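**Student:** So the protein sequences, as listed, match chains A and B.
Going letter by letter, the first sequence gives residues 1 to 109 in our numbering.
Going letter by letter, the second sequence gives residues 1 to 268 in our numbering.
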Amino acid sequence: MKKGILIVLASLLIAQPVHAATSAQHTSKASKHSALALKEGSKTTVKTVATAVAVPMIISGQLTEAAGKSVKHVGTKLLPLKVTKTTVTADAPPNQAIKKDNKGDCNEQ
Amino acid sequence: MNSKNITLLFAMLIALLSASTFAGSQKQDKNNYSADHITRFAKQVENLAAEQGAYVFIIARAGRPASDMPKGINYTHTALAVYSQIQLESGEIVNGYAIHNLYQKADAANRSELVIDYPVDFFWGVEQLEAGIAIPTPELQKKILALISANKTTRLHNPKYSVIANPYNNKYQNCTEYTLNIINSAIYGTIDMEKLKVNTKAYFKAQKVSANPIKLMLGQFFVDEVSTSDHRGKVQTATFTTITQYLEDYGLLQTSFAIDEHGQRITL
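(1) Measure the alpha-carbon distance for Gln254/B versus Asn74/B and round it to whole angstroms.
(2) Do you know whose CA, among Met193/B, Met69/B, Glu46/B, lies nearest Asn158/B's CA?
(3) Give a yes or no on contact between the segment 108–117 of chain B and the segment 29–49 of chain B, applying the rule of three or more CB pairs nearer than 8 Å.
(4) Check this for me: beta carbons of Val46/A and Thr89/A, under 8 Å apart or not?
(5) I'd like to know if the segment 125–132 of chain B and the segment 189–203 of chain B are in contact, where contact means that at least 3 CB-CB pairs between them fall below 8 Å.
(6) At which residues does the alpha helix (DSSP H) containing Leu129/B begin and terminate?
(7) For Ala186/B, would you say it is in contact with chain A, using Cβ-to-Cβ distances shorter than 8 Å as the test?
(8) So is Leu79/A buried or exposed if we call it buried at 16+ other beta carbons inside 10 Å?
(9) Can you tell me the Cβ-Cβ gap for Thr179/B and Ala79/B, rounded? I've got them flagged as a contact below 8 Å.
(10) By alpha-carbon positions, which one of Gly132/B, Glu51/B, Val226/B, Lys171/B ends up nearest to Thr242/B?
(11) Specify whether the segment 150–164 of chain B and the segment 94–114 of chain B touch according to this definition: at least 3 beta carbon pairs, one from each stretch, less than 8 Å apart.
(12) Give a yes or no on whether 8 Å exceeds the smallest Cβ distance from Ser67/B to chain A.
(13) Taking the beta strand (DSSP E) that Arg61/B belongs to, which residues open and close that run?
(14) Counting Cβ pairs closer than 8 Å, one from the segment 201–213 of chain B and one from the segment 91–103 of chain B, do we hit at least three?
(15) Excluding five sequence neighbours on each side, which residues of the same chain lie with their C-beta closer than 7 Å to the C-beta of Lys234/B?
(16) Please list the residues of the segment 180–209 of chain B that have a C-beta atom closer than 7 Å to any C-beta atom in chain A, keeping them in chain order.
(17) How is Ala106/B classed by DSSP in three states: helix, strand or coil?
(18) Cβ of Phe257/B within 8 Å of Cβ of Ile58/B?
(19) For Gln207/B, name the three-state secondary structure that DSSP assigns.
(20) Tell me, to the nearest whole angstrom, how far the beta carbon of Ala186/B is from that of Ile135/B; I am working on the premise that it is less than 8 Å.
(21) For Ser55/A, is the classification buried or exposed, using 16 other Cβ atoms within 10 angstroms of its Cβ as the cut-off for buried?
(22) Thr76/B: buried (16+ other C-beta within 10 angstroms of its C-beta) or exposed?
(23) Where does Tyr178/B sit, in a helix, a strand or coil, going by DSSP?
(24) What does Leu247/B touch in chain A if you count any residue whose Cβ is under 7 Å from its own?
(25) Compute the minimum distance between the beta carbon of Leu145/B and the heavy atoms of the ligand HEM, and state whether it is under 7 Å.
(26) Can you list, in chain order, the residues of the segment 76–87 of chain B whose Cβ is nearer than 9 Å to any Cβ on chain A?
(27) Does chain A have any CB closer than 8 Å to the CB of Ala98/B?
(28) Cα separation between Gln245/B and Thr39/B?
(29) Rounded to the nearest angstrom, what separates Ile266/B and Glu130/B at their Cα positions?
In structure tokens:
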């Protein structure tokens, strides 16, 4: 009896979430890529990025630069920007990634 | 109570704590939203930020229904979205937002890593599709971008992860504290963590975490991603909302808004 009460009390104490600011990746990459792959041929294009090549645009004085190259005047106020219509995703799906020649991997001799 | 009963009770506690109390580190097995819906939503978020001319902005995802969140906490993950030239596998270069995240490691709940992903990755698998957007002033954006471009942000990362990390010291860190570190580093022009924490303590108002103290105590013993040893007194942590308020208080916020699951802009 006592044991039952203790268990119920303990459960009540910890039943609500403490904090939800978790930054866990809520993704199952394999299922994500399978789902996105189904979109091939639909109106939205999904493409994978190459590794580590997202270069931030830099606001430098009156100019906006990318990789050191001036591309656009911004003046004192920021103007609307253009973003690609392509949906970009971080990794290739496992069935494509496995075929890659992974030169430069940390364990490569 | 005999030792068998104590063991049973602790087993129940561990199971309950792991399964629900600090839930969030678990992978989501099923999506509440279709791939089409998430893809469309992610692009709407990008377009709304781009319309504002945001080169860098603070991005948050709700992740869970509001009813599942502790009082005062509206978003489960926060990061920086950076307008970038993105090279695709095909060689094509496109403009869009790359998201600079601190993510909890999948195989070690008390450790984190820095990961760059993209809006569709960021919103994938969430239970509640809602985004928080806070766009700093152009002056602050410029300083954040300079920091990122100089690869100095890695110096602001502490891989010891706690979901309720205290932003006033550097003992543990979560995604929001890392984001705040970058913002403060840009503002104060330093990567000296001691200086950053002194200024954080002086000017930043963290969110008090309303949780049962016994639950927190049990959590730190049984759940890897929870630690209270970096706190004295009331547990406090950084959130998207408190960072937005901080920027607003000091005139460093251009605008902030939320985007609901239908892609509609909501005033915060």
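Note that beta-carbon positions come from the ideal geometry of N, C-alpha and C, so glycine has one too.
Fair warning: this is a prediction, and the values are worked out from it, not measured in the lab.
**Tutor:** Taking the geometry as given:
(1) Numbered from its first residue, the second sequence carries residue 254/B at position 254. Numbered from its first residue, the second sequence carries residue 74/B at position 74. Computed Cα separation, rounded: 21 Å.
(2) Along the second sequence, read from residue 1 onward, the residue named residue 158/B stands at position 158. When each option's Cα is compared against that of Asn158/B, the closest is Met193/B.
(3) no
(4) Within the first sequence, residue 46/A is the residue found at index 46, counting from 1. Within the first sequence, residue 89/A is the residue found at index 89, counting from 1. Yes, they are a contact pair.
(5) no
(6) Working through the second sequence from its first residue, we reach residue 129/B at position 129. Taken as a continuous stretch (DSSP letters only), Leu129/B belongs to no alpha helix (DSSP H), being part of the beta strand (DSSP E) at 128–136.
(7) Walking along the second sequence from the start, residue 186/B turns up at place 186. False, the Cβ-Cβ gap to chain A never drops below 8 Å.
(8) Translated into the one-based positions of the first sequence, residue 79/A becomes position 79. The residue in question, Leu79/A, is exposed, as its Cβ has fewer than 16 Cβ neighbours within 10 Å.
(9) Locating residue 179/B in the second sequence gives position 179, where the first residue counts as 1. Locating residue 79/B in the second sequence gives position 79, where the first residue counts as 1. With a Cβ gap of about 6 Å, Thr179/B and Ala79/B count as contacting.
(10) One-based indexing of the second sequence puts residue 242/B at position 242. Out of Gly132/B, Glu51/B, Val226/B, Lys171/B, Gly132/B has the C-alpha closest to the C-alpha of Thr242/B.
(11) yes
(12) As a position in the second sequence, residue 67/B is number 67, starting the count at 1. Not an interface residue.
(13) What you label residue 61/B is simply residue 61 of the second sequence in a count that begins at 1. First-last of the beta strand (DSSP E) with Arg61/B: 56–63.
(14) no
(15) For the purposes of this step, residue 234/B is identified with residue 234 of the second sequence, where counting begins at 1. Lys208, listed in sequence order.
(16) Val209
(17) On the second sequence, position 106 is the one that residue 106/B refers to. Coil.
(18) Here residue 257/B refers to the residue found at position 257 when the second sequence is read from its first residue. Here residue 58/B refers to the residue found at position 58 when the second sequence is read from its first residue. No, they are not a contact pair.
(19) For this step, residue 207/B is matched to residue 207 along the second sequence. If DSSP states are grouped into helix, strand and coil, Gln207/B belongs with the strands.
(20) Along the second sequence, one-based indexing puts residue 186/B at 186. Along the second sequence, one-based indexing puts residue 135/B at 135. Contact doesn't hold; Cβ gap of about 14 Å is too wide.
(21) Residue 55/A sits at position 55 when you count from the first residue of the first sequence. With the sequence shown as reference, residue 55/A is identified as Val, and Ser is not the correct amino acid for it. So Val55/A ends up on the buried side.
(22) Working through the second sequence from its first residue, we reach residue 76/B at position 76. Per the 10 Å Cβ criterion, buried.
(23) Within the second sequence, the letter at position 178 stands for residue 178/B. Reduced to three states, the DSSP call for Tyr178/B is helix.
(24) Taking the second sequence and counting its residues from 1, one reaches residue 247/B at position 247. Here the premise fails: no neighbours, minimum Cβ distance about 16 Å.
(25) This structure does not include the ligand HEM; it has no bound ligands of any sort.
(26) Thr76, His77, Thr78, Ala79, Val82, Tyr83, Ser84, Gln85, Ile86, Gln87
(27) Residue 98/B sits at position 98 when you count from the first residue of the second sequence. For Ala98/B, the answer is yes, since a Cβ of chain A falls inside 8 Å of its Cβ.
(28) Locating residue 245/B in the second sequence gives position 245, where the first residue counts as 1. Locating residue 39/B in the second sequence gives position 39, where the first residue counts as 1. Computed Cα separation, rounded: 29 Å.
(29) Taking the first residue of the second sequence as position 1, residue 266/B is located at position 266. Taking the first residue of the second sequence as position 1, residue 130/B is located at position 130. In a straight line, the C-alpha of Ile266/B is about 10 Å away from that of Glu130/B.
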